[in-house]
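2 protein chains.
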Amino acid sequence: MNAPNDRPPLPQDLADTLATRFGSRFSVAAAVRLHHGKDESSHPPMPPDAVVFAESTAEVAEIVAVCHRFRIPVIAFGTGTSLEGHLLAVQGGVCIDLSALNQVVAVRQEDLDATVQCGVTRKALNAALNGTGLFFPIDPGADASLGGMAATRASGTNAVRYGTMRENVLGMTVVLPDGRILKTGGRARKSAAGYDLTRLMVGSEGTLGIITELTVKLYPVPEAISSAVCTFPTLAAAVRTVIQTIQLGVPVARIELLDKLAITAINRHSKTTLREAPTLFFEFHGSPTGVKEQAETVQEIASDQGGQDFEWATRPEDRSRLWQARHDAYYAGLGLKPGCRALTTDVCVPISMLADCIAETFADLDENAASLAGPLVGHVGDGNFHIMLLIDADNADDLARAKGFASRLAQRAIRMDGTCTGEHGIGIGKQPYMALEHGDVAIDLMRAIKRAIDPDNIMNPGKILPPQ
Amino acid sequence: MNAPNDRPPLPQDLADTLATRFGSRFSVAAAVRLHHGKDESSHPPMPPDAVVFAESTAEVAEIVAVCHRFRIPVIAFGTGTSLEGHLLAVQGGVCIDLSALNQVVAVRQEDLDATVQCGVTRKALNAALNGTGLFFPIDPGADASLGGMAATRASGTNAVRYGTMRENVLGMTVVLPDGRILKTGGRARKSAAGYDLTRLMVGSEGTLGIITELTVKLYPVPEAISSAVCTFPTLAAAVRTVIQTIQLGVPVARIELLDKLAITAINRHSKTTLREAPTLFFEFHGSPTGVKEQAETVQEIASDQGGQDFEWATRPEDRSRLWQARHDAYYAGLGLKPGCRALTTDVCVPISMLADCIAETFADLDENAASLAGPLVGHVGDGNFHIMLLIDADNADDLARAKGFASRLAQRAIRMDGTCTGEHGIGIGKQPYMALEHGDVAIDLMRAIKRAIDPDNIMNPGKILPPQ
């Protein structure tokens, strides 16, 4: 396999240095490179020139220092579940596979925190917490690594109550572009001590350093959990229900919107018999009476908006079945057009703009890309929704239509005071909207920060910041 | 009044430029300068060379651009309630008084957010929210400006439930060191779009730019609020009550610890008749049944720890009376030794370390600074507590003892995985602990960021980062 873009191959000295040091944990095999050069997005794969399987922060630091000496790009790889091409080796270089950094270093029950290596996945952390009475709530769908989730500022269904990775990382160990090891934050719940390096690294997508360890907040497993689904005559009625729920301060743990097509897809994929109409999925956490009260309040609001077919689930197996259906929405969506690829949008707007944003978006879809129409799912308590566009990978017209639609949607969200990406990150796909969303002064400032920390531009180059 | 430290006076050209442009809103009068060169800390005043009263973001940008041309320091002034010398003109320069930027620009009820100019104080914002059913929860005690609160990453009694300024600023307008106007963030509840410039500016203490406008989260006024006080046989028993409350996931809105001396001071100052013993103040927010349930759970936990004398307040006037007493603790403390000044510590540790940290701190106080002993108050749900040291300003030995004690306390907290400042900021007082808390690599990175954004070091120079 040639290096992409006809770049020169990896310097032999560098390859020799890493091969000597890491033996069989250094690989230039085509299959290994390809596996580390693709994610779950619709972006075509771009393999790195080599892969090193690191087993500790010290090893990551060593690899980065070597790459720094040769001014060669370094890309971190967790589980490969990015949706924006974060790990594609657009300028080649060395990929560091971090999956062996999979130790839960400490769980501190009294402090409600845990320190983990970056390769620990969210499900692995929750498995390790079994029996402690605590859990880690952030759930982006995929069983992503916590390092990757921090690097992309991930969130998901629980964010409306528990926040995103931004709010849930207390401190980190980060390998800087020159191989030095940075510690950020600490374990205090709050601090006013200097620049917030933790938050600077959260969402930096591997462009400022490689997160190798992180301390995250944990939460008590709620005494009671209750789930519900409810259908609505229109998407707007469902959105009004969400707005009123949030405004009343009902502390919903999850509030997810699915459109008719998403429900159709789920029914087919998961053999469920949900009514095919705009639907809200809810989850309530709290004491038994608290959960009951939340559920009653929401049911009342929903009924006023024409909500019907309330279905409740309090037993764990029923809740799991319900939410599994929601979680399978992505694969269910793909099943609507077998063999297709999905281009998934990710806008997030102020909740008052949500109904308008969705309505304009569907009008655009009907007019310009009806044949690509895929399901809508949304973390609507936060104003975040996704539309899957189902495209035939070999059809250039499909791709052009999908990109045009996604571009107009991103611009629409930004015009509505929102963002082109609520939780997937910028990667390579969203760079065209950075200046529109943030303005030129902010982009200049981001570039200044990038230059100050990574003057040789070796850390995941070509991501986040648009080319100058 | 001479410029401090025998620095050269302000360049005449600069003074003329600002005087011509701003007329009587430009002042070099000694009284004006002195007023803008002191805060509420025990640090001696250091007046700026001149003060300009700005009335808009554009004017701030204009003033900063002029100072940038002359490479003259610029310091922002909000309400002057800093506790760490943030606004002292340690290198002279121009102070920009922002109190006239006092407009609430927009309140968006559906989105639960508000945009305000930086000079709006937290009480002014809450007054403007009257009748909307929403409130802004962050309450550092002083009626500080929201710009100043963001700049110092302030928090206070409600942070255990509602977070700090870090979690509650959605976006900002910031004047950069060269006079350009930066917009950060937006109004989406979450975003994964690039480096988190908002969080970089929150807590930057005016060293990277001047915050002139900010959009903050609002919250629904709880349907029911209930307050309580309860005394304990020991501080440790009170702390154990806090730990268990947090671990059970009781969503307390406030949970404040006061020691016996603090209660004595309050009884004297506020004519209350509280029992003079370690005391917890609680506040619960929620539905009527939710609040009742929270209160019952906490009362049970407290009783197990020997808590007694539970006093409840649900009527607004009773709650206000109770919390006014807590809020007056600072002035009550000063009243213990009339004419004294207070040096207030601000450590924050993981909650599991809180009892040990307090015990070691009191042992140190008894041994080394008993004559300075002042009250302890703490936002203990977050692991944050303050000890007031009551010092005679004219007594060098008092000051030396107080500083030695505060230094050992900061180091103790850092050793326990905590921070030297939970909410007051670094300013000039906490710089000696920055490297110990963050490590040399982090300090280097902070310096690199500062240099990249403010290469001439004109923004509030001499703050946060220790001298090299």
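Chains as they are written, first to last, in numbering that gives the first Met the number 0: chain A, 0 to 467; chain B, 0 to 467. Every residue gets a Cβ at the ideal spot worked out from N, C-alpha and C, and that includes glycine. Note that the structure is predicted; figures quoted are calculated from it, not measured.
Item                                                                                                                                     : Value
Where residue 225(B) sits in the DSSP three-state scheme                                                                                 : strand
Environment of residue 11(B) [buried if 16+ CB atoms lie within 10 Å]                                                                    : exposed
Presumed contact (8 angstroms Cβ cut-off) between residue 112(A) and residue 214(A), rounded CB distance                                 : 6 angstroms
Contact set for residue 243(B): own chain, Cβ-Cβ below 7 angstroms, skip 5 residues either direction                                     : 300
Own chain residues within Cβ distance below 6 angstroms of residue 421(B), not counting five before or after                             : 345, 347, 383
Residue 306(A) vs residue 374(A) beta-carbon contact at 8 angstroms                                                                      : no
Neighbourhood of residue 263(B) by C-beta distance below 6 angstroms, restricted to the same chain and skipping five residues each side  : 275
Spatial distance of residue 35(A) from residue 206(A) (CA atoms)                                                                         : 17 angstroms
Neighbour-count burial assignment, residue 403(B), 16 or more Cβ in a 10 Å radius                                                        : exposed
Own chain residues within Cβ distance below 7 angstroms of residue 68(B), not counting five before or after                              : none
Contact list for residue 381(B) against chain A, beta-carbon separation under 9 angstroms                                                : 187, 188, 189
Proximity test, Cβ basis, 8 angstroms: residue 196(B) and chain A                                                                        : yes
Cβ-based neighbour list, residue 318(B), same chain, cut-off 6 angstroms, excluding 5 preceding and 5 following                          : 226, 312
Under 8 angstroms between C-beta atoms of residue 97(B) and residue 49(B)                                                                : no
Three-state class that DSSP yields for residue 464(A) in the structure shown                                                             : coil
Cβ-based burial, residue 13(A) [other Cβ within 10 Å; buried from 16]                                                                    : buried
Own chain residues within Cβ distance below 6 angstroms of residue 149(A), not counting five before or after                             : 164, 168, 201, 210, 213
One or two residues paired with residue 210(A) in a DSSP bridge                                                                          : 173(A)
Residue 455(B) vs residue 176(B) beta-carbon contact at 8 angstroms                                                                      : yes
beta-carbon residue 9(B) near the ligand FMN non-hydrogen atom, thresh 7 angstroms                                                       : Among the components of this structure there are no ligands whatsoever, and the ligand FMN is therefore not found.
Touching by the beta-carbon criterion (3+ pairs, under 8 angstroms), the stretch 53 to 66 of chain B and the stretch 12 to 27 of chain B : yes
Supposed contact pair residue 287(A) and residue 233(A) - C-beta distance, whole angstroms, cut 8 angstroms                              : Actually they do not touch by this definition, with Cβ atoms about 33 angstroms apart.
Assigned exposure category for residue 467(A) - 16 Cβ within 10 Å defines buried                                                         : exposed
Proximal chain A residues relative to residue 447(B), where beta-carbon distance stays under 8 angstroms                                 : 451, 452
Supposed close pair residue 47(B), residue 89(B) - CB separation, criterion 8 angstroms                                                  : Not quite, the Cβ-Cβ distance comes to about 10 angstroms (not below 8 angstroms), so this is no contact.
Three-way DSSP call (helix, strand, coil) for residue 341(B) in this model                                                               : strand
Check whether residue 80(B) and residue 378(B) have beta carbons under 8 angstroms apart                                                 : no
Closer than 9 angstroms at the beta carbon, the chain C residues around residue 201(B)                                                   : Checking the listed chains, one finds no chain C in this structure; the protein chains it contains are A and B.
Sequence-distant residues of the same chain with beta carbon closer than 7 angstroms to residue 446(B), five excluded per side           : 464
is_contact[residue 171(B), chain A] using C-beta, thresh 8 angstroms                                                                     : no
Where residue 190(A) falls: helix, strand or coil (DSSP)                                                                                 : coil
Bridge partner(s) assigned by DSSP for residue 255(B)                                                                                    : 280(B)
Within chain B, the residues that residue 246(A) reaches when beta carbons sit closer than 9 angstroms                                   : 108, 109, 111, 132, 133, 219
Ranges of the alpha helix (DSSP H) found wholly within the stretch 354 to 438 of chain B, counting only runs of at least 4               : 395 to 414, 433 to 437
Same chain, Cβ closer than 8 angstroms to residue 152(A), neighbours up to 5 away in sequence not counted                                : 163, 164, 165, 201, 202, 422, 424
Beta carbon proximity, residue 216(A) to chain B, threshold 8 angstroms                                                                  : no
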